[in-house]
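**Q** What follows is a structure written as structure tokens; I'll ask about it next.
In the working numbering, the protein residues as written are 1 to 429.
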């Protein structure tokens, strides 16, 4: 009994010490975990702060970077106000040469494509039948004139005898009627001679206008008549020459007003508008407006000594209405469109871009006429504005004058309603 009790008394202290060591190890492990968690969190926060600082420095540098642009100063100059329309060249006069008498075509005196003068002989129809008819008419005239002369002498005798009451008055009246009848016959013979001479002249076919011959429609030796459908040849007058072109009916008041002041200059250009072909003047405004297209037709006359214009050729007609004196102009590509309307970027003295609202009066080709919002000398950004924001730093690369070689090239003339429709327009930030 005493031995067992001693053993139990010794085991109890050992178990108590084991439990204390277990709690100590657990506490150490928890403390180590807390220390590790705090250390990791602090490291992450420092990395985020460092990254944020770097991002902030990078963002500031990007926001303050210099943007290369092309800046063009606004300039005061005279600007021609023009209207463009698509047109076609038409011969000033066109004549289809037909035979005016029937017969055999003996000769053709022209070459295809030859320039002929007015009155120049083109062809010859066999003249012998018409010469014979002329001789017959002349012979009939001679016969009837002789009969008329004899009838007049008889009338004189009858009048003398009738005065003595030796012949009836009826005989005198009949002789007088015969004289009148023969007088009419002689007049008819003279008309027949004129007709025969005319037919004889028709056998010699001449050009009624100065122009250029086309393709020959009939060869010598063929019989021709007045009812031939194709005729002999077509002659077109090339100098001067006409251009028919169309404009919207909304331009009619402006064109009519300026035409009343004097002659209007019209340019004929190639279809792309780059090459000037001829310069003439407006001839007329058609008296009807096409209701289907709401356009009016105009005709311009051009001198064409070098034949640069050809019938049925398509051209761009440019009508110069007037000249806008002392207009403030900038490149049309500089005009942008924003919620409040048109605006441009202006380069300030501090080298930064500022958005400025402008009112555009009209766009002519590559030039925009500014009504208000700018003054002469203001440097507007005409290239590179897509990268700009108000206050952005810019570096102008060149300063071309507005309208250099512009305004009458391939770009068409625009009207005030098109002022906001420039290419490359973006919304104002």
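The C-beta atom is built at its ideal place from N, Cα and C for all residues, glycine as well.
As the structure is a prediction and not an experimental result, all values here were calculated from the model.
Starting from the Cα of residue 96, find the closest Cα among 232, 381, 369 and give me that residue.
**A** Among 232, 381, 369, the Cα nearest to that of residue 96 belongs to 232.
**Q** For residue 318 and residue 375, I'd like the C-alpha separation in whole angstroms.
**A** About 30 Å.
**Q** Measuring only the C-alpha atoms, how far is residue 396 from residue 279?
**A** When rounded, the distance between both Cα atoms is 39 Å.
**Q** May I have the straight-line CA-CA distance separating residue 310 from residue 355, to the nearest angstrom?
**A** Cα to Cα, residue 310 sits roughly 50 Å from residue 355.
**Q** Straight-line CA distance for residue 119 to residue 196?
**A** The alpha-carbon atoms of residue 119 and residue 196 are separated by roughly 20 Å.
**Q** With DSSP run on the structure shown, which of helix, strand or coil describes residue 218?
**A** In the structure shown, residue 218 sits in coil (DSSP, three-state: anything other than H, G, I, E or B).
**Q** Which term fits residue 225, buried or exposed, when burial requires 16 or more other beta carbons within 10 angstroms of its beta carbon?
**A** By the neighbour-count rule (16 or more Cβ atoms within 10 Å), residue 225 is not buried but exposed.
**Q** Kindly indicate the opening and closing residues of the beta strand (DSSP E) around residue 240.
**A** 233-248 is the span of the beta strand (DSSP E), which, as asked, contains residue 240.
**Q** Using the rule of at least 16 other Cβ atoms within 10 Å of the residue's Cβ for burial, across every protein chain shown, is residue 182 buried or exposed?
**A** Residue 182 is buried by the Cβ-count criterion.
**Q** Look at residue 249 and residue 296 and say whether their C-beta atoms are less than 8 Å apart.
**A** Closer than 8 Å, so yes.
**Q** Mapping the DSSP letters down to three states, classify residue 28 as helix, strand or coil.
**A** Three-state result, residue 28: helix.
**Q** One question on the structure: do residue 304 and residue 240 come within less than 8 Å of each other, judged by their Cβ atoms?
**A** Result yes, Cβ atoms of residue 304 and residue 240 sit closer than 8 Å.
**Q** Can you list, in chain order, the residues of its chain with a C-beta nearer than 6 Å to that of residue 368? Leave out the 5 residues immediately preceding and following it.
**A** The answer, listed in chain order, is 330, 332, 335, 360.
**Q** With DSSP as the reference, identify every bridge partner of residue 84, one or two as the case may be.
**A** Residue 84 is bridged to 318.
**Q** Mapping the DSSP letters down to three states, classify residue 156 as helix, strand or coil.
**A** DSSP places residue 156 in helix when its eight states are reduced to three.
**Q** Distance, Cα to Cα, residue 265 vs residue 80?
**A** Cα to Cα, the separation comes out at about 11 Å.
**Q** Can you say whether residue 28 is buried or exposed, counting buried as having 16 or more other CB atoms within 10 angstroms of its CB?
**A** Flag for residue 28 reads exposed.
**Q** Buried or exposed: residue 55, going by 16 or more other Cβ atoms within 10 Å of its Cβ?
**A** Because the pLDDT of residue 55 is 41, which lies under 50, any placement of that residue in the model is unreliable, and the number read from its coordinates should be weighed accordingly. It is exposed - the Cβ of residue 55 has fewer than 16 other Cβ atoms within 10 Å.
**Q** Classify residue 161 as helix, strand or coil using the three-state DSSP reduction.
**A** Note: residue 161 maps to helix in three-state DSSP.
**Q** Along the chain, where does the beta strand (DSSP E) that runs through residue 368 open and close?
**A** Looking at the DSSP string, the run of the beta strand (DSSP E) that includes residue 368 is 367-372.
**Q** So if DSSP puts residue 341 in a beta bridge, which residue, or which two residues, is it bridged to?
**A** Looking at the DSSP assignment, residue 341 forms a beta bridge with 338.
**Q** Who are residue 396's beta bridge partners in DSSP?
**A** For residue 396, which the question treats as bridged, DSSP gives the partners 69.
**Q** Comparing alpha-carbon positions, which option in 26, 31, 179 lies nearest residue 157?
**A** Answer by Cα proximity: 179.
**Q** On a Cα-Cα basis, can you pick out the residue from 344, 223, 315 that is closest to residue 245?
**A** Taking only the C-alpha atoms, the option nearest residue 245 is 315.
**Q** Kindly indicate which three-state DSSP category residue 224 falls into: helix, strand or coil?
**A** In this structure, residue 224 counts as strand in the three-state DSSP scheme.
**Q** Within 10 Å of its beta-carbon, does residue 112 have 16 or more other beta-carbons around it, so buried, or fewer, so exposed?
**A** With fewer than 16 other Cβ atoms within 10 Å, it is exposed.
**Q** Just checking, does the region 68-84 make contact with the region 96-111 on the three C-beta pairs under 8 Å criterion?
**A** Because the criterion of three Cβ pairs below 8 Å is not met, the region 68-84 and the region 96-111 do not touch.
**Q** Indicate the three-state DSSP secondary structure (helix, strand or coil) for residue 331 in the structure shown.
**A** Of the three classes helix, strand and coil, the one that applies to residue 331 here is strand, per DSSP.
**Q** Report yes if the C-beta distance between residue 151 and residue 175 is below 8 Å; otherwise report no.
**A** Yes.
**Q** I'd like to know if the region 265-276 and the region 212-231 are in contact, where contact means that at least 3 CB-CB pairs between them fall below 8 Å.
**A** As far as the Cβ criterion goes, the region 265-276 does not touch the region 212-231, which means the pair count is below three.
**Q** For residue 141 and residue 229, what's the separation of their Cα atoms in angstroms?
**A** In a straight line, the C-alpha of residue 141 is about 37 Å away from that of residue 229.
**Q** Let me know the secondary structure DSSP gives residue 350 once reduced to three states.
**A** In this structure, residue 350 counts as coil in the three-state DSSP scheme.
**Q** My assumption, with CB atoms under 8 Å, is that residue 213 sits in contact with residue 186. Please give the rounded CB distance.
**A** Not a contact, Cβ separation roughly 43 Å.
**Q** State the DSSP-derived secondary structure class of residue 358, mapped to helix, strand or coil.
**A** Correct three-state label for residue 358: coil.
**Q** How would you label residue 30, buried or exposed, when you count the other beta carbons within 10 angstroms and need 16 or more for buried?
**A** Exposed: under 16 other Cβ atoms inside 10 Å.
**Q** Is the beta carbon of residue 285 sitting closer than 8 Å to the one on residue 255?
**A** Yes.
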